[in-house]
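Only one structure is covered here, and it is reproduced in the block below.
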Amino acid sequence: MEDNCKSIKEALTSTCQEVLGFKKHHHKEWIKERENKETAIKNNQTLAEKVQAQAQYIEANKQVEKSIRANKHTYVEDLATTAEKVASGGNMKQTI
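Just so you know, we're using our numbering here: the sequence shown kicks off at 913 and counts up by one.
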(Lines of atoms letter the chains of each structure in order from A and count residues from 1; the text may use other names and numbers.)
(Lines give C-alpha, C1' and ligand atoms only; values in the text may rest on other atoms or scores of the structure.)
Protein backbone atom coordinates (compact mmCIF):
# COMPACT_ATOMS: atom_id res chain seq x y z
CA MET A 1 0.00 0.00 0.00
CA GLU A 2 2.77 2.44 0.95
CA ASP A 3 4.77 1.60 -2.16
CA ASN A 4 1.69 2.34 -4.24
CA CYS A 5 1.26 5.73 -2.53
CA LYS A 6 4.95 6.54 -3.03
CA SER A 7 4.82 5.73 -6.72
CA ILE A 8 1.69 7.85 -7.19
CA LYS A 9 3.28 10.73 -5.30
CA GLU A 10 6.48 10.51 -7.38
CA ALA A 11 4.48 10.39 -10.61
CA LEU A 12 2.43 13.44 -9.65
CA THR A 13 5.48 15.35 -8.47
CA SER A 14 7.50 14.67 -11.60
CA THR A 15 4.56 15.52 -13.87
CA CYS A 16 3.94 18.80 -12.05
CA GLN A 17 7.62 19.73 -12.28
CA GLU A 18 7.67 19.02 -16.00
CA VAL A 19 4.45 20.88 -16.76
CA LEU A 20 4.60 23.76 -14.31
CA GLY A 21 8.31 24.00 -13.63
CA PHE A 22 9.83 25.43 -10.50
CA LYS A 23 8.72 28.75 -9.07
CA LYS A 24 11.22 31.37 -10.12
CA HIS A 25 12.01 34.25 -7.82
CA HIS A 26 12.55 37.46 -9.72
CA HIS A 27 14.53 40.16 -7.99
CA LYS A 28 13.71 43.75 -8.66
CA GLU A 29 16.11 45.42 -11.08
CA TRP A 30 17.38 47.84 -8.45
CA ILE A 31 18.61 44.90 -6.37
CA LYS A 32 20.52 43.60 -9.40
CA GLU A 33 22.09 47.03 -9.82
CA ARG A 34 23.39 46.90 -6.25
CA GLU A 35 24.81 43.42 -6.83
CA ASN A 36 26.58 44.61 -9.98
CA LYS A 37 28.18 47.50 -8.11
CA GLU A 38 29.33 45.13 -5.36
CA THR A 39 30.94 42.90 -7.98
CA ALA A 40 32.66 45.95 -9.47
CA ILE A 41 34.25 46.68 -6.09
CA LYS A 42 35.68 43.17 -5.95
CA ASN A 43 36.96 43.22 -9.54
CA ASN A 44 38.80 46.57 -9.43
CA GLN A 45 42.55 46.39 -9.07
CA THR A 46 43.72 49.82 -7.97
CA LEU A 47 42.80 51.53 -4.74
CA ALA A 48 41.38 54.58 -6.52
CA GLU A 49 39.06 52.40 -8.60
CA LYS A 50 37.94 50.51 -5.50
CA VAL A 51 37.18 53.74 -3.63
CA GLN A 52 35.18 55.09 -6.56
CA ALA A 53 33.28 51.81 -6.97
CA GLN A 54 32.60 51.70 -3.25
CA ALA A 55 31.16 55.22 -3.33
CA GLN A 56 28.86 54.17 -6.17
CA TYR A 57 27.85 51.06 -4.22
CA ILE A 58 27.02 53.10 -1.11
CA GLU A 59 24.77 55.39 -3.15
CA ALA A 60 23.07 52.43 -4.87
CA ASN A 61 22.61 50.70 -1.52
CA LYS A 62 20.89 53.80 -0.10
CA GLN A 63 18.51 53.83 -3.05
CA VAL A 64 17.77 50.12 -2.65
CA GLU A 65 17.05 50.49 1.05
CA LYS A 66 14.78 53.45 0.31
CA SER A 67 12.90 51.45 -2.33
CA ILE A 68 12.51 48.50 0.03
CA ARG A 69 11.03 50.73 2.73
CA ALA A 70 8.65 52.34 0.21
CA ASN A 71 7.51 48.95 -1.13
CA LYS A 72 6.97 47.63 2.38
CA HIS A 73 4.96 50.73 3.29
CA THR A 74 2.69 50.43 0.24
CA TYR A 75 2.20 46.71 0.91
CA VAL A 76 1.11 47.36 4.50
CA GLU A 77 -1.16 50.21 3.39
CA ASP A 78 -2.83 47.98 0.78
CA LEU A 79 -3.27 45.23 3.36
CA ALA A 80 -4.85 47.68 5.82
CA THR A 81 -7.17 49.07 3.14
CA THR A 82 -8.32 45.57 2.24
CA ALA A 83 -8.93 44.75 5.90
CA GLU A 84 -10.97 47.93 6.34
CA LYS A 85 -13.10 47.11 3.28
CA VAL A 86 -13.76 43.61 4.59
CA ALA A 87 -14.62 44.89 8.07
CA SER A 88 -16.92 47.64 6.79
CA GLY A 89 -18.67 45.26 4.42
CA GLY A 90 -19.58 42.93 7.26
CA ASN A 91 -18.14 39.90 5.49
CA MET A 92 -15.67 38.73 8.11
CA LYS A 93 -15.29 35.30 6.48
CA GLN A 94 -13.51 36.80 3.47
CA THR A 95 -9.78 36.18 3.65
CA ILE A 96 -7.35 39.01 3.38
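Don't be surprised by glycine CBs; every beta carbon is placed ideally from N, CA and C.
With fewer than 16 other beta carbons inside 10 angstroms of its own, Arg981 counts as exposed. Annotated as proximal: Lys949 and Gln968, with beta-carbon spacing under 9 Å. Taking a contact as a CB-CB distance under 8 Å, the pair Arg946 and Asn983 does not count as one, their CB atoms being some 15 Å apart. Per DSSP, the unbroken alpha helix (DSSP H) holding Asn916 starts and ends at 914–932. Less than 9 Å separates the beta-carbon of Val976 from that of Ile943. Annotation: Asn956 is outside any alpha helix (DSSP H) and is labelled neither H nor E by DSSP.
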